[in-house]
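Visitor:
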Amino acid sequence: MNEQQIPAPPAAAPPHAPAEASLAEEELARRLVAGDEACLAEAYRRWSTLVHTLARRSLGDAEEAADVTQQVFLGVWRGRRGFRPDRGAIGGWIVGITRRKIADALSARTRRTDLAAAVGSSSALAVRDGHPEAVLDRILVQHELAKLPAAQQRVLRLAFYADLTQTQIAEHTGWPLGTVKSHARRGLHQLRGGLAPDVCV
Numbered sequence: 025m026n027e028q029q030i031p032a033p034p035a036a037a038p039p040h041a042p043a044e045a046s047l048a049e050e051e052l053a054r055r056l057v058a059g060d061e062a063c064l065a066e067a068y069r070r071w072s073t074l075v076h077t078l079a080r081r082s083l084g085d086a087e088e089a090a091d092v093t094q095q096v097f098l099g100v101w102r103g104r105r106g107f108r109p110d111r112g113a114i115g116g117w118i119v120g121i122t123r124r125k126i127a128d129a130l131s132a133r134t135r136r137t138d139l140a141a142a143v144g145s146s147s148a149l150a151v152r153d154g155h156p157e158a159v160l161d162r163i164l165v166q167h168e169l170a171k172l173p174a175a176q177q178r179v180l181r182l183a184f185y186a187d188l189t190q191t192q193i194a195e196h197t198g199w200p201l202g203t204v205k206s207h208a209r210r211g212l213h214q215l216r217g218g219l220a221p222d223v224c225v
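Per our numbering, numbering of the sequence shown is gapless, rising by one per residue and ending at 225.
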């Protein structure tokens, strides 16, 4: 089973997961633990909307919630042998995985903010102090920035060099805040991948 085989979560999740079920939860859990991929699809059908709703409420971003939903059901599949029916129902187990994945997403958001601050600080040091290593880092950062799509470049340059918050960038560009967050997240992910391991930021 791979990531591409898990269906995409709904774009706008209603507040309740589907109620109808063709299998009893105990049987579904037993077959899922045994490796029945059809039962993963059934678990997704029953609980993905609930998972997406919990993630969106916690993260405030539909795209991040969709990412978390994918990660939750990947976690369900990969960790299925760790499910213990005597410790609770499978629905509660999935909610527990959801909470952990939401916490991971919030931690990743903090790391992205720290990365943006670190890259900005590196650039500022290069200009002010003229350290050769910092100058090189700044050149590499600018080189990688230039590879990004125009919208991502614009958001990150405003964040790094104009020291604007995401809210200020949204006001400056006229883009929705969610769009700014999405460009920043994707741009930082690509930037980080392009810089490692050449630049330590």
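Using N, Cα and C, we set each Cβ at its ideal position, and we do this for glycine too.
My understanding is that residue 129 touches residue 75, with C-beta atoms under 8 Å, so please give their C-beta distance in whole angstroms.
Guide: One-based indexing of the sequence shown puts residue 129 at position 105. One-based indexing of the sequence shown puts residue 75 at position 51. Rounded, the Cβ-Cβ distance is 12 Å, inconsistent with contact.
Visitor: What are the boundary residues of the alpha helix (DSSP H) that residue 107 is part of?
Guide: Mapped onto the sequence shown, residue 107 falls at position 83. Segment: none, residue 107 is in no alpha helix (DSSP H) and carries neither H nor E.
Visitor: Please work out which residues of its chain come closer than 7 Å, Cβ to Cβ, to residue 47, disregarding the five sequence neighbours upstream and downstream, and give them in chain order.
Guide: For the purposes of this step, residue 47 is identified with residue 23 of the sequence shown, where counting begins at 1. Result list for residue 47: 66, in chain order.
Visitor: Do residue 176 and residue 216 have their beta-carbon atoms positioned less than 8 Å apart in this structure?
Guide: In the sequence shown, the residue the question calls residue 216 occupies position 192. In the sequence shown, the residue the question calls residue 176 occupies position 152. Contact flag unset, no.
Visitor: Compute the distance between the beta-carbons of residue 134 and residue 79, then report whether it is under 8 Å.
Guide: Position 110 of the sequence shown, counted from the first residue, corresponds to residue 134. Position 55 of the sequence shown, counted from the first residue, corresponds to residue 79. Cβ atoms of residue 134 and residue 79: not closer than 8 Å.
Visitor: With the cut-off set at 8 Å, would you say residue 194 and residue 201 are in Cβ contact?
Guide: Reading the sequence shown from its first residue, position 170 is the one you call residue 194. Reading the sequence shown from its first residue, position 177 is the one you call residue 201. Yes, the Cβ-Cβ distance between residue 194 and residue 201 is below 8 Å.
Visitor: Let's test the definition: count the other Cβ atoms within 10 Å of the Cβ of residue 171 and tell me whether it reaches 16, buried, or not, exposed.
Guide: Here the question's residue 171 lines up with position 147 in the sequence shown. Its Cβ having fewer than 16 others within 10 Å, residue 171 is exposed.
Visitor: Please classify residue 187: does DSSP put it in a helix, a strand, or coil?
Guide: One-based indexing of the sequence shown puts residue 187 at position 163. DSSP places residue 187 in coil when its eight states are reduced to three.
Visitor: What's the C-alpha gap between residue 54 and residue 89?
Guide: Working through the sequence shown from its first residue, we reach residue 54 at position 30. Working through the sequence shown from its first residue, we reach residue 89 at position 65. Their Cα atoms are separated by approximately 28 Å.
Visitor: Residue 196 to residue 108, Cα distance in whole Å?
Guide: In the sequence shown, residue 196 corresponds to position 172, counting from 1. In the sequence shown, residue 108 corresponds to position 84, counting from 1. Going from the Cα of residue 196 to the Cα of residue 108 covers about 51 Å.
Visitor: Quick check: the Cα distance between residue 84 and residue 111, rounded to an integer number of angstroms?
Guide: Against the sequence shown, residue 84 aligns to sequence position 60. Against the sequence shown, residue 111 aligns to sequence position 87. Distance between the alpha carbons of residue 84 and residue 111 is about 31 Å.
Visitor: Closest by CA to residue 118, which one among 72, 206, 204 and 205?
Guide: Mapped onto the sequence shown, residue 118 falls at position 94. Nearest of 72, 206, 204 and 205 to residue 118, Cα basis: 72.
Visitor: Does residue 58 come out as helix, strand or coil in the three-state DSSP assignment?
Guide: Residue 58 sits at position 34 when you count from the first residue of the sequence shown. Correct three-state label for residue 58: coil.
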